[in-house]
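Shown next, in structure tokens, is the structure this report addresses.
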Amino acid sequence: MNAEHELNLETLELKAFVPAKDFDLSKHFYSDLGFQIPWSSDELAYLHCGNCSFLLQNFYVKSLAENFMMHLSVQNVDDWRAHVREQQIAETYGVTVTEPEQRPWRMRDFVLYDPSGVLWRIAENTD
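Final position of the sequence shown in the numbering used here is 1261; the numbers increase by one with none missing.
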């Protein structure tokens, strides 16, 4: 390494490309969940909620989607679960939503599946 130039390895963000079986349905699902969609094309959409974001892709492989996991860290998991209930996410989209539980990894979370089978863990730290 050249002593006159120090490498800048500062990271800014990490985004996952989340698969969608039905792209429009998935965009509605995530919007109802609380994500904003400031940009979308026919193949890709940028979604964010607060400081968290991901890219939803109009791409689906069953084995990928059903083994894909996202983890959303929140300040209040009970409020998020109440929001999911109020939005009737399970009923509207036919997806599984569990109740919050304390986990051995010092988090309290609940599980939510999106319409493509992607598993989300919505959690708050308990330490």
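Each residue gets a CB set at the ideal place from its N, CA and C atoms; glycine is no exception.
Neighbour-count burial assignment, residue i, 16 or more Cβ in a 10 Å radius
{"i": "Asp1158", "result": "exposed"}
{"i": "Phe1188", "result": "buried"}
{"i": "Trp1214", "result": "buried"}
{"i": "Leu1190", "result": "buried"}
{"i": "Glu1238", "result": "First, the residue type needs correcting, since residue 1238 is Pro and not Glu in the sequence shown. Exposed, by the Cβ-count rule."}
{"i": "Ala1179", "result": "buried"}
{"i": "Leu1146", "result": "exposed"}
Proximal residues to residue i (C-beta, below 8 Å), its chain only, five neighbours per side dropped
{"i": "Gln1170", "result": "Leu1181, His1182 and Cys1183"}
{"i": "Thr1232", "result": "Phe1244, Val1245 and Leu1246"}
{"i": "Asp1212", "result": "Pro1234"}
{"i": "Val1208", "result": "Trp1214, Ile1256, Ala1257 and Glu1258"}
Own chain residues within Cβ distance below 7 Å of residue i, not counting five before or after
{"i": "Ser1165", "result": "Ile1171"}
Nearest residue (CA-CA) to residue i, options the options
{"i": "Asn1201", "options": "Ile1223, Asp1243, Tyr1247 and Ala1216", "result": "Tyr1247"}
{"i": "Arg1219", "options": "Leu1167, Ala1199 and Asn1192", "result": "Leu1167"}
{"i": "Ala1257", "options": "Thr1230, Met1204, Asn1192 and Asp1156", "result": "Met1204"}
{"i": "Gly1251", "options": "Ile1223, Leu1146 and Pro1153", "result": "Pro1153"}
{"i": "Lys1161", "options": "Ser1207, Lys1149, Cys1186 and Asp1176", "result": "Asp1176"}
{"i": "Tyr1194", "options": "Lys1155, Glu1147 and Asp1261", "result": "Lys1155"}
{"i": "Pro1234", "options": "Asn1210, Ile1223, Gln1222 and Thr1226", "result": "Asn1210"}
{"i": "Asp1261", "options": "Trp1254, Leu1253, Leu1198 and Gln1236", "result": "Gln1236"}
{"i": "Ala1199", "options": "Gly1228, Phe1151, Glu1147 and Ser1207", "result": "Phe1151"}
First through last residue of the beta strand (DSSP E) which encompasses residue i
{"i": "Trp1173", "result": "Gln1170 to Ser1174"}
{"i": "Glu1258", "result": "Leu1253 to Asn1259"}
{"i": "Leu1143", "result": "Unbroken run through Leu1143: none, as it is neither H nor E."}
{"i": "Arg1237", "result": "Glu1235 to Arg1237"}
{"i": "Ser1207", "result": "Met1203 to Ser1207"}
{"i": "Arg1242", "result": "Met1241 to Tyr1247"}
{"i": "Val1152", "result": "Phe1151 to Pro1153"}
Continuous alpha helix (DSSP H) stretch holding residue i: start and end
{"i": "Phe1193", "result": "Taken as a continuous stretch (DSSP letters only), Phe1193 belongs to no alpha helix (DSSP H), as it is neither H nor E."}
{"i": "Asp1213", "result": "Val1211 to Glu1220"}
{"i": "Ala1224", "result": "Ile1223 to Tyr1227"}
{"i": "Phe1163", "result": "Phe1157 to Leu1167"}
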